[in-house]
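Heads up: the structure comes next, in structure tokens.
Numbering (this note's numbering), first residue to last: -4 to 219.
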């Protein structure tokens, strides 16, 4: 997703650098931790993090936008998130949101609007609550944005990682967390629709259709 999001360069920090290079040779990789990654405009932390709480803590201490997803949501210290001066975007699904709020998943699913608002307020961060209807809430209590392009076919393994990479690229380009989350969710949903056409898809299918989604939006906005 990050490679399709418009970032000038994508860096990967972690133990799977050889595998990443083999599949995506344009990626810059490092296994030396965030402090040795070079210059970055935004971090995405969580997918594949396992139990590496130290890396999550280092990233949260950086003075650049941070997107928290997957294991990063579980490992992030609440006070560290609340105390950040740089923008933060959290992208949980309903199960992860329930764990963060200390409630059952069913409660989040039954009260998605209240849940995304509560998470944004508690963590003082923008929250993108994933689902067939994705919601994006800022911590200031303003209107919650609703993404119209979602589809049930997006509920496939790795789909959320594509979204986090794409949205992280948008954060790096200078968009606010609210706008990055909104644009990312819209493009992700559109790419999912283009990929599925009513049939099951894999995460890479979504990533492969992101250029088509970008072109569709540019055409609708008459940017060509």
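Built from N, CA and C at the ideal position, the CB exists for glycine as well.
Between residue 95 and the rest of its own chain, which residues show a CB-CB distance below 7 Å, the 5 nearest in sequence each way excluded? 68, 87, 114
By DSSP, does residue 198 sit in helix, in strand, or in coil? helix
Buried or exposed (CB count within 10 angstroms, at least 16 for buried), residue 172: buried
Return helix, strand or coil for residue 25, following the three-state DSSP convention. strand
Classify residue 186: buried if its beta carbon has 16 or more other beta carbons within 10 angstroms, exposed otherwise. buried
Quick one: give me the first and last residue of the beta strand (DSSP E) that residue 6 is part of. 6 to 8
With 16 as the cutoff for other CB atoms within 10 Å, does residue 142 come out buried or exposed? buried
Whole angstroms are fine: how far does the CA of residue 124 sit from the CA of residue 109? 11 Å
Could you pull out every residue in the same chain whose Cβ sits closer than 7 Å to the Cβ of residue 35, ignoring the five residues on either side in sequence? 6, 59
Range of the contiguous alpha helix (DSSP H) that encloses residue 109: 107 to 118
Between the segment -3 to 5 and the segment 153 to 165, are three or more C-beta pairs nearer than 8 Å? yes
As assigned by DSSP and simplified to three states, the class of residue 205: helix
Can you give me the start and stop residues for the alpha helix (DSSP H) that residue 50 sits inside? 48 to 55
Does the contact criterion of 3 or more C-beta pairs under 8 Å hold for the segment 142 to 151 versus the segment 177 to 195? yes
Could you tell me the alpha carbon to alpha carbon distance between residue 61 and residue 37, rounded to whole angstroms? 6 Å
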